[in-house]
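Protein chains in written order, with our numbering: chain A, 591 to 828; chain B, 591 to 828.
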DNA sequence: GTCTATAATGAGATAGAC
DNA sequence: GTCTATCTCATTATAGAC
C-alpha cells in the first residue's frame, strides 16, 4: 500500500531526504515544534530510518546545522577577503565591508535550491532564542571567526570608532540581515505589498548606505579643542 | 506532602501565577517547547488548573499576549504623540521619532517587573517565525496602528524619502529593537563582555543617531543638476 | 476553585525480521 | 538499509470528588 512515490526516477538517498525535510520543518516550526514523525512523513521515509541514520533528535539537528554552516561561514569570509584584495590600500571601506557581509548571505538566500533559504531561516530563528537552544553551541564555533574578522575590518575602516559602538553596530547589521533572510512576510504586509521579502537586490542597495551612514554617525568628532557643552565629545553622531 | 510554599504571606491569585509562568517559559523556550506541566510546575499550581482557568493551550497563549499588547502599543504611540506636542512645527525630527519608538520598548524592558521583559522576548521570538505562529494574528491587530502612525510620522519628517525605503528602514529599526529586548546574550559574548544586553541607556544613545543617519542616507539628492560622482550627495548622516 | 485520577493520543527510541 | 512492531514515557484534556 504505502508506496513512496513509485518508480520515482531520481530519488535522493534517504539521508539527504531526511536532512532536507528536517531543515525545512525545523526552520518553519522550530526544534520542538517538529516531531520525528513529521520529518519522516515529509521525507517520505519510515520513522525508524531517522533514528537509524542520525541517532537522537538532537544529533539530527546538529547534522542539519553542520551540513551548511562551514560553507556559509567560508563564503562570508571569502567575500571580505575579496574586498581586501580589491581595495587599493588593502583596507576596504565601510560600504564594502557591509556589502560583503550582507551579500554573502543574500546570495545564498535567493538560490534556486530552497535548502539554503531554510537553513538561513533556521539560524535566524535560533539566534533569537534567549536561552541556550541546541543550535547555539555549533553556531558559535562556526561563526565565531566571521564575527572576529569582520569586526577587525570595521576597526581598520573606522579607527576612531569606539569598541562598544563597533560591536553593537555590527550586531545590529547581523540582526537586520538575519531578519531579512528569515523572510517572515511581515515586511510585505506592513508595506502593503510594496516591499517583497525576496527582493534582495533592493535590500542590498538600501542596507549598504543605511548601515554605512549609521556607523559613520557613531564616529566621534575629531579632537575637539574646546570643551564640549554637556555631553562627552561626539556622543551624538555627526 | 506537596504543599506549595507553605504559609506564603502574599501568594498571587492562581490565574496570575499561571500567566506569569507561561509568559516566562514561552519566552524562553517557545510555544511548543513548553508543556502545560512545565507551566504548572513553575507556577506551583496543579496541572488541571491551567486548563480550568484558560482552556486549551492556544487560548492560554492568547491570554498571555492579550494581557500586555494593548498597553505596550499604547505606550509606544503615546511616546510619538508626546514628540508631536513638543515639536515646534508639530512634526518631530527623525531623531525624535526614532527615540520615541525605541524608548517606548526599552523602558518596559528594564522595569524591575521582569514580566515585561519576558513579554518582549516572547513577541520578538514570535516575530521571527517564518510561518504563522499562533501569536501572529493577535500581534498584528495590536501593533498595526503603531506601524501605521510611525510610518506616517517618518513620511512627514522625511518627505522625499521613497515609500519602499521608508517601510524597509522602519522594519529594520523594529528588527534591531526586537533583538535588543530579546536579550539573547549574543552581543555580550561577541563583544567579550564589553557590551551588556541590559544597558538600554547605551543602546538608545547609539541607536538614535545610527538609525537617523541611516535613513537620511536613503533620501535622494535634491534635484541633482550635475550627475553625482559615485554616491548621491548627503549619503552620510545629517 | 482545587485536587486526584484517568482517558486518549503522540512522542522518542529500539529490537529484530527481511 | 529498510520495515514492522513495540516499549516507555510525556503530552493535552477532562471527569468527578471535595
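Ideal Cβ placement from N, Cα and C applies to all residues, glycine included.
Residue i and residue j closer than 7 Å at C-beta
| i | j | result |
| --- | --- | --- |
| residue 633 of chain B | residue 672 of chain B | no |
| residue 626 of chain A | residue 640 of chain A | yes |
| residue 620 of chain A | residue 754 of chain B | no |
| residue 771 of chain A | residue 693 of chain A | no |
| residue 708 of chain B | residue 613 of chain B | yes |
| residue 736 of chain A | residue 666 of chain A | yes |
| residue 807 of chain B | residue 803 of chain A | yes |
| residue 712 of chain A | residue 617 of chain A | yes |
| residue 622 of chain A | residue 622 of chain B | yes |
| residue 809 of chain B | residue 748 of chain B | yes |
| residue 717 of chain B | residue 710 of chain B | no |
| residue 765 of chain B | residue 766 of chain A | yes |
| residue 778 of chain A | residue 792 of chain A | no |
| residue 728 of chain B | residue 655 of chain B | yes |
| residue 790 of chain A | residue 781 of chain B | no |
| residue 662 of chain B | residue 605 of chain B | no |
| residue 768 of chain B | residue 811 of chain B | no |
Partners in chain B for residue i, counting only beta-carbon separations shorter than 9 Å
| i | result |
| --- | --- |
| residue 618 of chain A | 719, 720 and 721 |
| residue 622 of chain A | 619, 620, 621, 622, 623 and 624 |
| residue 812 of chain A | Correct list: empty, because the minimum Cβ distance to chain B is about 15 Å. |
Partner residues on chain B for residue i, Cβ-Cβ distance less than 8 Å
| i | result |
| --- | --- |
| residue 679 of chain A | What residue 679 of chain A touches in chain B: nothing, since even the nearest Cβ is about 17 Å away. |
| residue 808 of chain A | 796, 799 and 800 |
| residue 773 of chain A | 720 |
| residue 792 of chain A | 754 and 758 |
| residue 745 of chain A | By Cβ distance, chain B contributes nothing, its closest Cβ being about 13 Å from residue 745 of chain A, past 8 Å. |
9 Å Cβ cut-off: residues of chain A touching residue i
| i | result |
| --- | --- |
| residue 776 of chain B | 717, 726, 730, 761 and 764 |
| residue 757 of chain B | 777, 780, 781, 782, 784 and 785 |
Within chain B, partners of residue i - CB distance below 7 Å
| i | result |
| --- | --- |
| residue 676 of chain A | Simply none; closest approach about 15 Å. |
| residue 748 of chain A | None at all; the shortest Cβ gap to chain B is about 12 Å. |
| residue 804 of chain A | 800, 801, 803 and 804 |
| residue 693 of chain A | Correct list: empty, because the minimum Cβ distance to chain B is about 17 Å. |
Per-residue contacts from residue i into chain A (C-beta, under 7 Å)
| i | result |
| --- | --- |
| residue 703 of chain B | Simply none; closest approach about 17 Å. |
| residue 711 of chain B | 720 |
| residue 753 of chain B | 784 |
| residue 737 of chain B | 780 |
Residue i beta carbon near the ligand MG (any heavy atom closer than 6 Å)
| i | result |
| --- | --- |
| residue 706 of chain B | By its list of ligands, the structure shown contains no ligand whatsoever, and the ligand MG lies outside what it can speak to. |
Contacts of residue i in chain A (Cβ-Cβ under 8 Å)
| i | result |
| --- | --- |
| residue 714 of chain B | 718 |
Counting only runs that start and end within the segment 632 to 709 of chain B, where is the alpha helix (DSSP H) found for 4 or more residues in a row?
637 to 644, 647 to 676 and 684 to 699
In chain order, which continuous runs of the beta strand (DSSP E) of length 3 or greater are located wholly inside the segment 748 to 817 of chain B?
none
Does the segment 663 to 680 of chain B come into contact with the segment 729 to 749 of chain B, if we say contact requires no fewer than three beta-carbon pairs (one atom in each stretch) closer than 8 Å?
yes
Could you say if the segment 680 to 692 of chain B and the segment 791 to 801 of chain B meet the contact criterion of at least three C-beta pairs nearer than 8 Å?
yes
I'd like to know if the segment 749 to 763 of chain A and the segment 723 to 736 of chain B are in contact, where contact means that at least 3 CB-CB pairs between them fall below 8 Å.
no
At a Cβ cut of 7 Å, what residues of the segment 633 to 649 of chain B count as close to chain A, listed as they run along the chain?
none
Where the segment 650 to 672 of chain A meets chain B: residues whose CB sits under 9 Å from a CB there:
none
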